[in-house]
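Here's the structure we're looking at; comments come further down.
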Amino acid sequence: TVEITLLDKTLLVGGEPGSGKSGALNIVTAHAALATDCRLWLMDGKRVELGPWRPAAERFIGSDLTDAIAALEELRTFMDERYDRLDDAHRRGIRRGDGNDAIVLVIDELAYYSATTGDKRAREQFSILLRDLVARGRAAGIIVVAATQRPSHDIIPTSLRDLFGYRLAFRCTTETSSDIILGHGWHTRGYDASQIDPALRGVGWLLAEGGIPRRMRCTWLTDDDIAYIVRTADGTG
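The opening position of the sequence shown corresponds to residue 12 in the working numbering, with each subsequent residue numbered one higher.
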């Protein structure tokens with residue numbers, strides 16, 4: 012069993028198509044949907060991967076980059092306002108059970124917003140706003156969980172990629188791609204996601220801040236599982 016705490020952490024998920032990224036996102040999203048002390052925000056350019064969770068989410072952003080930028084700006088405003096309150100109370104961050112709900116922002120296929128849709132200026136604005144949330148948001152309870160196939164510098168600026176507290180590398184096509192997710196040099200120490208058997212969907216290497224990668228496998232949630240969890244979360248199940 013692998014357990015992680017996301018109250019003051021962020022998570023970056025990478026890997027080739029079909030390797031298990033969606034399974035990881037759905038597990039985190041399920042936990043956030045059922046938690047009574049957090050609010051769920053979702054971004055999904057395809058709309059169908061995270062779409063089934065929409066009834067349990069406070070906000071859902073689809074393929075419109077303008078809407079995605081507006082949502083990040085709203086979160087940054089919320090973050091600054093919460094820091095004003097924490098500063099007034101002489102506190103350095105929120106704590107479990109103090110009445111301050113966390114906001115979990117789950118982004119599927121980050122590359123769609125940062126490197127594919129819209130114009131260059133808008134994509135850069137999106138990346139700048141997201142970097143600010145990842146860098147400053149943790150103590151304010153803003154938790155970013157993002158997935159992409161290959162978080163190279165043209166998809167995610169290195170200055171943003173290196174800020175994620177947790178990194179989860181599913182199967183990759185090359186050892187270089189594995190190191191892009193986990194960090195430089197891990198494949199030479201035996202932690203190489205390109206060596207994962209393609210048939211083992213959901214198997215990946217999880218790296219936490221200051222630790223070493225740990226091999227794990229994510230549970231797969233079916234559409235029926237998700238529908239049941241959503242009904243439970245909104246009280247209709």
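For each residue, glycine too, the CB sits at the ideal point set by N, CA and C. Every value quoted in this text rests on a predicted model; they were computed, and no experiment measured them.
| field | Given 8 angstroms, three or more beta-carbon pairs between the stretch 37-53 and the stretch 175-188 | value | no
| said: Starting from G215, trace the alpha helix (DSSP H) in both directions and tell me its first and last residue. | reply: Here G215 belongs to no alpha helix (DSSP H); instead the beta strand (DSSP E) covers V214 to A219.
| Can at least three beta-carbon pairs, one atom from the stretch 111-129 and one from the stretch 77-90, be found at a separation below 8 angstroms? | yes
| Closest by CA to G213, which one among T21, L22 and S33? | The candidate whose alpha carbon is nearest that of G213 is S33.
| request: Please go through the same chain and pick out, in chain order, the residues whose beta-carbon is closer than 6 angstroms to the beta-carbon of R149, but skip the five residues on each side of it. | output: Cβ within range, chain order: D19.
| Distance between F137 and S125 (C-alpha atoms, nearest Å) | 6 angstroms
| request: Work out the CA separation of A151 and D98 for me, nearest whole Å. | output: 11 angstroms
| field | One or two residues paired with T159 in a DSSP bridge | value | G25
| query | Among the residues of its own chain, which have a CB less than 6 angstroms from the CB of L61, if the five just before and after it don't count? | reply | L53, D55 and D119
| R70 in three-state terms, based on DSSP | strand
| query | On the premise that L232 lies in contact with I166, defined as a C-beta separation below 8 angstroms, what is that separation, rounded to the nearest angstrom? | reply | Incorrect: roughly 26 angstroms between the Cβ atoms, too far for contact.
| field | V241 versus H42 - alpha carbon distance | value | 11 angstroms
| message | Can you give me the C-alpha to C-alpha distance between Q206 and H195, rounded to a whole angstrom? | response | Distance between the alpha carbons of Q206 and H195: 16 angstroms.
| said: Buried or exposed, going by whether 16 or more other CB atoms sit within 10 Å of the CB of V59? | reply: exposed
| task | Tell me, please, which residues DSSP counts as bridged to V115. | result | L51 and I154
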